Amino acid sequence: MTSIGLLISGRGSNMDAILDRVESGDLKANVSFVASDRPGAPGLEKAAARGIKTELLPYENGKEAAEEHLHRLWRRHDLDWLVLAGFMRILSPGFVSSHAGRIVNIHPALLPSFPGAHGIEDAWNYGVKVTGVTVHLVDELVDHGTILSQMPVRVKPDDNMETLERRIHRAEHRQYWRTLEKLFSGIIHTGKDDSR
Ligand code: GRF
Numbered sequence: 331m332t333s334i335g336l337l338i339s340g341r342g343s344n345m346d347a348i349l350d351r352v353e354s355g356d357l358k359a360n361v362s363f364v365a366s367d368r369p370g371a372p373g374l375e376k377a378a379a380r381g382i383k384t385e386l387l388p389y390e391n392g393k394e395a396a397e398e399h400l401h402r403l404w405r406r407h408d409l410d411w412l413v414l415a416g417f418m419r420i421l422s423p424g425f426v427s428s429h430a431g432r433i434v435n436i437h438p439a440l441l442p443s444f445p446g447a448h449g450i451e452d453a454w455n456y457g458v459k460v461t462g463v464t465v466h467l468v469d470e471l472v473d474h475g476t477i478l479s480q481m482p483v484r485v486k487p488d489d490n491m492e493t494l495e496r497r498i499h500r501a502e503h504r505q506y507w508r509t510l511e512k513l514f515s516g517i518i519h520t521g522k523d524d525s526r
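In this note's numbering, the protein residues as written are 331 to 526.
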């Protein structure tokens with residue numbers, strides 16, 4: 331069974347959507363742990379309540395210490411994939427390159443447009459008519475690696491930031507587990523030269 335670790339920083343709605351599909355058997359994976367950089371992340375409590383092992387990454391001791399902890403977790407659980415679900419830290423190039431092509435992230439905009447921590451707001455403020463969700467591999471640059479899937483979300487004339495945000499999150503919850511299932515089962519290949 332594919333072994334995955336989940337990284338979160340906040341409420342963990344993407345994590346919850348993934349855990350729902352693991353429980354239902356739609357996503358064939360074993361969630362070895364959920365880790366957070368923030369002790370108070372509401373998602374950590376939710377994961378623990380679901381019987382998942384939780385971990386706190388010691389960022390208060392610096393990035394190196396936190397990533398060393400993550401390396402150890404990776405080895406201990408013999409992870410196949412690390413899945414970022416609202417993890418708000420930037421992993422160092424050294425960490426990423428030692429697990430190259432094995433770290434996945436979701437971004438709430440259509441990359442390469444609107445990277446960064448405020449993808450939804452930036453797209454809204456720009457006035458785009460279509461935005462969306464991107465699932466991608468993590469590389470050494472921020473919100474940059476190979477795109478695995480995208481789902482467009484149309485901006486409606488009567489939208490405001492909040493209604494748009496809700497639809498983007500709904501799209502994330504539908505899109506992330508489906509992409510992971512395809513990735514884990516080999517339907518999505520990650521090599522650059524594969525046909526899309
Ligand atoms: C999501 O929109 C994710 O794409 C972004 O941060 C948000 C996290 O939300 N990176 P949640 O913690 O999964 O609810």
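Note that the Cβ used here is the ideal one computed from N, Cα and C, for glycine as well.
The structure displayed is predicted, hence computed values, not measured ones.
Tell me whether phenylalanine 444 is buried or exposed, calling it buried when 16 or more other Cβ atoms sit within 10 Å of its Cβ. buried
At a cut-off of 7 Å, is asparagine 435 close to the ligand FAD when judged by its beta-carbon and the heavy atoms of the ligand? In the structure shown, the ligand FAD is absent; the only ligands present are the ligand GRF.
If we require 3 or more residues per run, which beta strand (DSSP E) segments fall completely within the stretch 359 to 413? 360 to 366 and 384 to 386
Measuring only the C-alpha atoms, how far is leucine 467 from threonine 520? 8 Å
In whole angstroms, what is the alpha-carbon distance linking proline 438 and proline 482? 10 Å
Histidine 499: beta carbon under 7 Å from a heavy atom of the ligand GRF? yes
Cβ-heavy atom distance, arginine 341 to the ligand GRF, below 7 Å: yes
Pick out whichever of Leu441, Gly370, Asp488 and Asp350 has its Cα sitting closest to the Cα of histidine 474. Leu441
Cut-off 7 Å between Cβ atoms - residues of its own chain near aspartate 524, not counting five sequence neighbours on either side: Bear in mind that the predicted position of aspartate 524 carries a pLDDT of just 47, short of 50, making it too unreliable to give a figure here.
Out of Tyr506, Phe514 and Glu394, which one is the CA nearest neighbour of glycine 342? Tyr506
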